[in-house]
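Notes for the one structure printed next.
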Amino acid sequence: MKKILLFHMNALRCGEISALCRSLEIEPEPVSPSRYGEPLGKLAGIGMTESAFAPDKIHAAGSGITSEMMVFCGLEQPEVFGFLQAMRQTGIPPVDLKAVVTPFNAMWTAPALFAELSKEHAAMRAK
Numbered sequence: 006m007k008k009i010l011l012f013h014m015n016a017l018r019c020g021e022i023s024a025l026c027r028s029l030e031i032e033p034e035p036v037s038p039s040r041y042g043e044p045l046g047k048l049a050g051i052g053m054t055e056s057a058f059a060p061d062k063i064h065a066a067g068s069g070i071t072s073e074m075m076v077f078c079g080l081e082q083p084e085v086f087g088f089l090q091a092m093r094q095t096g097i098p099p100v101d102l103k104a105v106v107t108p109f110n111a112m113w114t115a116p117a118l119f120a121e122l123s124k125e126h127a128a129m130r131a132k
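For the sequence shown, the working numbering gives the first residue as 6, with consecutive numbering after it.
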């Protein structure tokens, strides 16, 4: 299933991105803060066994999410690029922090991913 998880977005912004998702046959999923502690793989609906989501296997670093973040689930690289291009073409302002769910980060929580993406974004901006 093609899905984009949306974190820390106001209703208007979430609505704009959700409408674009639906036009491209991608399921938008705004994630409420009460679910930030769940593994990304679980939020993405990846078919993993419940034992894969055991608390000792979950990477749960970070104190919270303080700005927008999008996480692509089940989209191939050309589809991600196509979505981002469609955002630009429709005039939807970009989301700085973006990632794709991978086997490596599927056990991470959203705050852990947010912390990593924030570090990478700051390093890129410093160059």
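The C-beta atom is built at its ideal place from N, Cα and C for all residues, glycine as well. These numbers were taken from a predicted model, which means no experiment stands behind them.
Among Leu118, Phe109 and Leu102, whose alpha-carbon lies nearest the alpha-carbon of Arg130?
Leu102
Round the Cβ separation of Leu17 and Glu34 to the nearest angstrom and send it over; I've been treating them as touching at under 8 angstroms.
About 17 angstroms separates the two Cβ atoms, so there is no contact after all.
Do you know how far the Cα of Thr95 is from the Cα of Glu125?
27 angstroms
To which residues does DSSP link Phe77 through a beta bridge?
Ile9 and Val105
What would DSSP say about Pro38, mapped onto helix, strand or coil?
helix
Excluding sequence positions up to five away, which residues of its chain have a Cβ less than 6 angstroms from the Cβ of Glu73?
His13, Met14 and Val100
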